[in-house]
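Below you'll find the structure, written out as structure tokens, and then a few comments.
2 protein chains.
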Amino acid sequence: MSGPTVAIAPSTPEWAAEAVRLGGGTPTSEPGEAEALIWLQPGEPARLGELLGAHRGLRWVQLPFAGVEAFAAAGVLSADRSWTCAKGCYAEPVAEHALALSLAGLRLLPERVTARSWGQPAGTSLYDSSVVILGGGGITAELLRLLQAFRVRATVVRRRRDPVPGAARTVPVSDLHRVLPGALVVYLALALTPSTAGIIGADELSLMDPRAWLVNVARGGHVDTEALVSALGSGAIAGAALDVTDPEPLPDGHPLWEAPNCIITPHTADTWDMIRPRLARRIEDNVARFATGAPLLGLVDPAEGY
Amino acid sequence: MSGPTVAIAPSTPEWAAEAVRLGGGTPTSEPGEAEALIWLQPGEPARLGELLGAHRGLRWVQLPFAGVEAFAAAGVLSADRSWTCAKGCYAEPVAEHALALSLAGLRLLPERVTARSWGQPAGTSLYDSSVVILGGGGITAELLRLLQAFRVRATVVRRRRDPVPGAARTVPVSDLHRVLPGALVVYLALALTPSTAGIIGADELSLMDPRAWLVNVARGGHVDTEALVSALGSGAIAGAALDVTDPEPLPDGHPLWEAPNCIITPHTADTWDMIRPRLARRIEDNVARFATGAPLLGLVDPAEGY
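As given, the protein sequences belong to chains A and B, one line each in that order. Everything in the first sequence is counted per the numbering used here, starting at 8 for the first residue and increasing by one. Everything in the second sequence is counted per the numbering used here, starting at 8 for the first residue and increasing by one.
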């Protein structure tokens with residue numbers, strides 16, 4: 008029995024070819040010979056669109072990252088193929104980064120790092136606190152696991168109604184305003200879609216506790232940046248820790264750079280060193296599933312765009 | 008049946024009196040009436056010595072913090088009484104602080120916090136890494152629990168030979184040089200005694216991995232500060248995160264303030280807000296144990312000084 012032939016493009020690195028082989032497939036750099044495509048370029052959706060237009064035989068496309076909004080916006084996610092992305096795959100390092108950012112904020116590290124003199128004892132512990140997490144996907148599942156060690160009571164806000172395991176409660180987005188006031192940390196770990204863009208604006212920031220930190224490891228577009236700058240300046244919230252910004256990259260001279268209670272990391276919750284072994288494992292798994300007709304991991308709904 | 012009469016000094020706050028009552032004792036501000044003493048002043052060992060000299064009937068003394076070296080050095084820890092300290096009691100916030108500091112270092116937050124421009128992706132994940140923890144007490148037990156979520160392989164270095172639960176291995180201090188090279192983080196969570204002072208010096212720092220962070224939540228005296236300044240400057244280690252320093256408080260103008268890869272927090276791993284409810288619970292527990300003759304928690308060996 009021979010497994011599927013899987014193209015890897017736009018380049019065909021050996022680690023990805025090896026992952027296809029480990030999954031029981033035959034790697035190729037020629038899309039014309041293949042039934043499936045591993046697309047390793049996070050940007051350039053138009054280039055992928057062209058390739059797919061020329062090769063109708065590609066029945067499944069694996070995208071390299073968790074977020075696929077650039078491909079959705081470019082209209083590449085056609086319903087006549089199966090689409091998978093790497094969602095869930097990088098949950099560990101991203102959840103770790105979210106935890107690191109929240110602990111850094113609560114322990115006042117921005118102030119400590121810039122201090123040149125011994126300070127007063129201060130800081131807040133995560134133990135036995137309440138937090139809100141927006142999004143009910145893989146990052147949230149992993150973050151809940153990490154937070155559990157601190158006996159954190161987590162409220163997950165999500166579109167779907169089924170409860171997220173490990174959360175103290177799961178509520179719909181319509182309850183967001185009701186749950187924000189009680190949270191010591193508000194984590195953003197949801198997909199960016201037209202309905203979640205700007206989900207944290209002036210109203211939401213004003214409902215947060217003045218001791219609370221906003222941690223964004225999702226997409227910059229979830230937050231109204233101007234409203235955030237003013238909430239940071241007025242003390243409406245204690246601080247913000249952002250791995251993603253809007254605009255991104257954040258331009259030099261932007262007021263967020265000067266906010267002393269803002270931590271900015273350059274979209275680096277998961278670095279390539281953290282990603283590569285996990286993506287290889289996902290490719291291997293999905294090639295094996297594709298070969299046997301089992302359900303693929305990280306399926307994207309072309310209509311929903313995530 | 009009436010419980011023990013327990014003095015609370017040098018002052019007698021209501022929260023402590025309530026803790027004594029909850030443990031079944033009768034609180035008093037008069038040591039002359041009491042069998043036991045809750046001493047709430049972390050410093051001023053001489054003052055405690057005077058009080059004890061005047062009141063020989065005090066058979067048990069509860070000290071407020073985990074470290075008792077100031078009392079040991081002042082010769083107050085006499086063998087004719089039972090001594091307990093708050094060791095184990097503040098393990099949670101201190102272990103949390105240690106984790107926060109290590110994640111902040113590995114995720115390059117000192118550099119990110121001071122940046123005024125978007126940077127390159129970089130950082131190291133704790134998942135599946137190896138760490139070394141010096142000390143086998145309560146902070147280590149809690150830190151091991153937190154690190155477990157990241158599948159960290161921890162080597163605990165301690166004086167006693169019995170293995171620490173949750174550690175991948177427990178080794179004696181004579182193995183320190185052998186285990187340092189493999190660690191991504193070296194955590195100091197041991198008691199300061201004459202034999203552990205300066206346990207991390209130039210030799211130990213030179214054995215650490217250039218990617219490794221040193222995290223000290225124990226006592227400043229464990230580290231040779233001059234050797235640390237030079238290891239930070241030469242890149243022998245990636246960085247240091249210190250909640251304690253030698254000298255402490257770290258004086259203005261000290262070279263550690265200028266090291267870009269050094270995070271200093273002012274001995275604030277556990278703040279009073281974090282400590283008070285935990286100390287109250289310990290007092291309650293120990294008063295109840297004292298009343299029934301059960302073994303006290305946090306016993307200090309006057310001969311060992313911890």
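Built from N, CA and C at the ideal position, the CB exists for glycine as well.
Own chain, CB closer than 6 angstroms to residue i, minus 5 neighbours either side, in chain order
i: Pro-262(B); result: Val-236
i: Gly-143(B); result: Val-163, Arg-165 and Val-171
i: Leu-47(A); result: Pro-71
i: Ala-295(A); result: Gly-30 and Gly-31
i: Ala-105(A); result: Leu-150, Tyr-194, Val-222 and Val-224
i: Ala-148(A); result: none
i: Ala-79(A); result: Gly-312
i: Gly-205(A); result: Asp-231
i: Leu-183(A); result: Val-164
i: Ala-198(A); result: Tyr-313
i: Met-281(B); result: Pro-100
For residue i, the residue or residues it bridges with in DSSP
i: Trp-90(A); result: Val-68(A)
i: Ala-287(B); result: None, per the DSSP bridge assignment.
i: Arg-158(B); result: DSSP lists no partner for Arg-158(B).
i: Ser-137(A); result: Arg-160(A)
i: Thr-35(A); result: Ala-14(A)
i: Val-193(B); result: Val-139(B) and Leu-221(B)
i: Val-178(A); result: Val-164(A)
i: Ala-43(A); result: Val-13(A) and Trp-67(A)
i: Ile-270(B); result: Ala-248(B)
i: Leu-306(A); result: Thr-91(A)
Own chain, CB closer than 8 angstroms to residue i, minus 5 neighbours either side, in chain order
i: Gly-324(B); result: Outside the displayed range of chain B (8 to 313) lies residue 324(B), so it cannot be described from this structure.
i: Leu-133(A); result: Ser-109, Leu-110, Leu-113, Leu-154, Phe-157, Val-159, Leu-191 and Val-192
i: Arg-218(A); result: Thr-131, Leu-191 and Ala-245
i: Ala-126(B); result: Sequence check: residue 126(B) is Gly here, not Ala. If we look at Gly-126(B) and ignore the five residues flanking it on each side, its Cβ neighbours are Glu-118 and Arg-119.
Beta-carbon contacts of residue i that lie in its chain and below 7 angstroms, excluding the five residues immediately before and after
i: Leu-115(A); result: Ala-129 and Gly-130
i: His-274(B); result: Asp-250, Val-251 and Glu-255
i: Ala-26(B); result: Ala-287, Ile-290 and Glu-291
i: Val-180(A); result: Val-164 and Arg-166
i: Gly-145(A); result: Lys-94, Gly-95 and Ala-98
i: Ala-53(B); result: Ala-81
i: Val-307(B); result: Val-75, Leu-84, Trp-90, Thr-91, Cys-92 and Tyr-313
i: Gly-39(B); result: His-62
i: Ala-102(A); result: Ile-146, Glu-149, Leu-150 and Leu-153
i: Leu-58(B); result: Ala-16 and Pro-38
i: Asp-135(A); result: Arg-158
i: Gly-50(B); result: Ala-77
i: Arg-226(A); result: Gly-74, Leu-199 and Val-251
heavy atom of the ligand MN below 7 angstroms from residue i C-beta
i: Ala-24(B); result: Among the components of this structure there are no ligands whatsoever, and the ligand MN is therefore not found.
Which residues of the segment 267-278 of chain A have a Cβ closer than 8 angstroms to any Cβ of chain B? Give them in chain order. Hits within the stretch, in order: Ile-270, Ile-271, Thr-272, Pro-273, His-274, Thr-275 and Thr-278.
Beta carbons nearer than 8 angstroms to chain B: which residues of the segment 82-105 of chain A have them? Glu-99, Pro-100, Glu-103 and His-104
Would the segment 170-189 of chain B count as touching the segment 247-261 of chain B if we require 3 or more Cβ pairs under 8 angstroms? no
For the structure I just gave you, are there three or more beta carbon pairs, one from the segment 266-286 of chain B and one from the segment 111-128 of chain A, closer than 8 angstroms? yes
Can you list, in chain order, the residues of the segment 139-154 of chain A whose Cβ is nearer than 8 angstroms to any Cβ on chain B? Arg-152 and Leu-153
Near-chain E residues of the segment 220-231 of chain A (beta-carbon distance less than 9 angstroms), N- to C-terminal order: The chain labelled as chain E is not found among the protein chains of the depicted structure, namely A and B.
So does the segment 21-36 of chain A actually touch the segment 278-290 of chain A, counting three or more Cβ pairs closer than 8 angstroms? yes
Does the segment 13-24 of chain B come within contact of the segment 297-307 of chain A, defined as at least 3 CB pairs closer than 8 angstroms? no
Completely contained alpha helix (DSSP H) runs for the segment 207-258 of chain B, where each covers 4 or more residues: 209-214 and 232-241
Any residues in the segment 245-258 of chain A with a beta carbon nearer than 7 angstroms to a beta carbon of chain B? Which ones, in chain order? Pro-256 and Leu-257
Residues of the segment 46-61 of chain B with Cβ closer than 8 angstroms to any Cβ of chain A, in chain order: Listed by position, the residues of the segment 46-61 of chain B near chain A (Cβ gap below 8 angstroms) amount to none.
Do the segment 56-67 of chain B and the segment 91-101 of chain A meet, that is, are 3 or more Cβ pairs less than 8 angstroms apart? no
Near-chain B residues of the segment 15-29 of chain A - C-beta to any C-beta below 7 angstroms: none
If you measure beta-carbon to beta-carbon, which residues of the segment 175-193 of chain B are closer than 7 angstroms to chain A? none
At a CB distance below 9 angstroms, what residues from the segment 279-291 of chain A approach chain B? Give them in sequence order. Trp-279, Asp-280 and Met-281
Quick one, which residues of the segment 120-132 of chain B are near chain A if we go by CB-CB under 9 angstroms, in chain order? Val-120, Thr-121, Ala-122, Arg-123, Ser-124, Trp-125, Gly-126, Gln-127, Pro-128, Ala-129, Gly-130, Thr-131 and Ser-132
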